[in-house]
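In terms of this note's numbering, the sequence shown opens at residue 67 and continues consecutively.
No residue lacks a Cβ here, since even glycine has one placed at the ideal position from N, Cα and C.
Each remark here refers to the structure printed beneath this line.
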Amino acid sequence: MSQTARIIAAQDPLPVQVPLATEPLGVLGSFRSARRNVLELIPELATHVPIISGRTGKRWHMVMDPDSNRRILRDALDDYPKSDVTKMILRPGIGESLFVAEGQHWHWQRRVAAPVFTHRNIANLAPVMTAAADRASARIAAAEGRAADLFEEMVTATFEVIADVTLSGGEGFDRAAVHRGINAYISETAKVSLLDVLGAPAWIPRLNRLFTTQALREMKEVADRVIDARRDAGPAPVPDLLDLLLGGEDGKTGRRMNTAELRDNLLTFIVAGHETTALTLAWSLYLCAFDQRVQDRARTEAQAVLQGRAATAEDVPHLPYIRQIIDESLRLYPPAAFLSRTAQKQDRLCGREIRPGDTVILPIYALHRNHELWPDPHRFDPDRFGPGRKPDRFAYLPFGDGPRICIGASFAVQEAVIILSTLLSRFRFGLVTGRNPRPVMILTLRPEGGVWLTVERA
Ligand code: HEM
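Structure follows, in structure tokens:
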């Protein structure tokens, strides 16, 4: 980069960020700020140092160090199971499914589910994603010349995809009922829970959990009916996630999933998969609107490859710059903005003593913006992921890592590339003055107020 280019770059504005805490919050302050935005609990310091420890009711450590992350997520997996809080939040909706189970019960489910997500199976599901990209284009075209909430649009698109590959085909499948249940579950159940991560007393009212009971029951009933209908009907010619899971068995023990286990895992795929992918797309679109040079370069690539049609699985390897934008968006706005574990054994991380029962938090948001690990970390620069450039593996964890790495990562990336490239080839997006999204951590890192962008035909 020339001297002039560097000066101009240094003056460029930065995309939106979470205001991180700059002074110790204390117990009450932490709880108050957790209600507002959990990310604000992560001190600014976390973007400079490898570990921060504290006590807010419970002892906790925030770890931003690649070597410690490798230990927690891979080498000493059994000593760092998912935190009690994570499980408490998720169980009412998704039972003892893949996402929350531990030990043997996790292992056999992972063995059944892993073959479902092979490259070939995921590529076979691409037509569902292509169709969703076309339908999203039609809806967005109706907003040409105006502004639209692209987060809302992306939630609709990714829900269509995940619903079509898990629960479709059942008699009277009520997509809206499942969507209602899932939304109520995600947005209500998770709100209070982050107080618990920091050791809030058990009496903190968890009213919102009561509110979700009805929606949850409805959602489970719909899923059970679809599973039973599909079992009777047999698999479709191109098997979807439910067919594959229905046909799957644990190679070691021969065990197959019963209806309740199938349902909990399908709902897990829906919960873990649709909003996270919608967020990836919405943040990517925001970033493209934020930097028109990036958007133009992406559009040139997408138009050259797609020639007006929607993207398919075969196009994905030919859209490397679109993929770089998605990777960079997952760095700046990781949908799973922090992972938490409960330590089982005495240990040392970054020279710090870890005791059994301590909460170990991996604030992915702060890891991805740590100045020791990323040059100019708050800047949007998809070329960080350019050809031949790979970040340190345990410094970049949008999908976690180790044996419990996201099982749906390739599914999500394929879907995001297909939808983003299709939209950028057809439309030009711009920011709306005064309507910047505000990143807020609920169960995921969401843009408060939506992602409002102007839409023009490209
Ligand atoms: C961009 C989209 C996505 C992101 C950012 C994401 C992120 C993550 C992360 C960080 C984890 C690890 C959690 C931990 O270690 O505590 C995870 C696990 C998981 N994800 Fe995803 N995910 C995405 C999409 C999906 C999709 C599309 C599916 C399914 C169709 C899915 C299913 C799962 C499951 C089942 C697990 C638990 C795996 C296990 O513990 O064995 N995810 N995801």
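Residue i versus residue j - alpha carbon distance
i             : j              : result
threonine 488 : alanine 364    : 11 Å
glutamate 315 : leucine 328    : 12 Å
serine 406    : leucine 282    : 24 Å
proline 448   : leucine 486    : 14 Å
aspartate 381 : arginine 459   : 26 Å
leucine 273   : serine 350     : For leucine 273, the predicted structure reports a pLDDT of 40, less than 50, and the residue's modelled location is therefore unreliable. The matter cannot be settled from this model.
aspartate 200 : proline 116    : 44 Å
valine 231    : isoleucine 484 : 16 Å
arginine 492  : proline 193    : 19 Å
threonine 408 : aspartate 424  : 6 Å
arginine 212  : glycine 317    : 54 Å
lysine 411    : isoleucine 155 : 23 Å
lysine 124    : histidine 171  : 28 Å
Classification of residue i by the beta-carbon crowding that lies within 10 angstroms, buried from 16 upward
i              : result
leucine 80     : exposed
glycine 474    : buried
histidine 444  : exposed
glutamine 175  : buried
isoleucine 388 : buried
glutamate 438  : exposed
aspartate 413  : buried
isoleucine 392 : buried
glutamate 341  : buried
arginine 137   : buried
histidine 434  : buried
glycine 8      : The requested residue 8 does not occur in the structure, where the chain is confined to residues 67 to 524.
arginine 397   : buried
arginine 450   : buried
valine 304     : exposed
threonine 343  : buried
lysine 286     : buried
Residue i (DSSP reduced to helix, strand or coil)
i                 : result
lysine 286        : helix
threonine 510     : coil
proline 301       : coil
lysine 370        : Per the sequence presented here, residue 370 reads as alanine, with lysine not at that position. Helix.
phenylalanine 460 : helix
alanine 379       : helix
valine 426        : strand
valine 521        : strand
arginine 504      : strand
leucine 120       : The displayed chain sequence assigns glycine, not leucine, to residue 120. Reduced to three states, the DSSP call for glycine 120 is strand.
valine 402        : Checking the displayed sequence, the identity of residue 402 turns out to be alanine instead of valine. Residue state, collapsed to three classes: coil.
aspartate 447     : coil
isoleucine 420    : strand
proline 469       : helix
leucine 107       : helix
glycine 496       : strand
alanine 364       : helix
leucine 439       : coil
alanine 167       : coil
alanine 87        : strand
Limits of the unbroken beta strand (DSSP E) element including residue i
i                 : result
histidine 127     : 124-129
phenylalanine 477 : Here phenylalanine 477 belongs to no beta strand (DSSP E); instead the alpha helix (DSSP H) covers 475-492.
valine 337        : Valine 337 -> not in any beta strand (DSSP E); alpha helix (DSSP H) instead, spanning 325-356.
serine 406        : 405-408
leucine 415       : 413-415
Test: residue i CB closer than 8 Å to a CB of chain C
i          : result
lysine 456 : The question asks about chain C, but that chain is absent: this structure has only one protein chain.
Boundaries of the alpha helix (DSSP H) in which residue i is found, first to last residue
i             : result
glycine 159   : 150-160
glutamate 394 : 386-398
aspartate 133 : 132-136
leucine 307   : 307-313
As an exercise, report each continuous beta strand (DSSP E) stretch of at least 3 residues that is fully enclosed by the region 173-249, in chain order. 213-215
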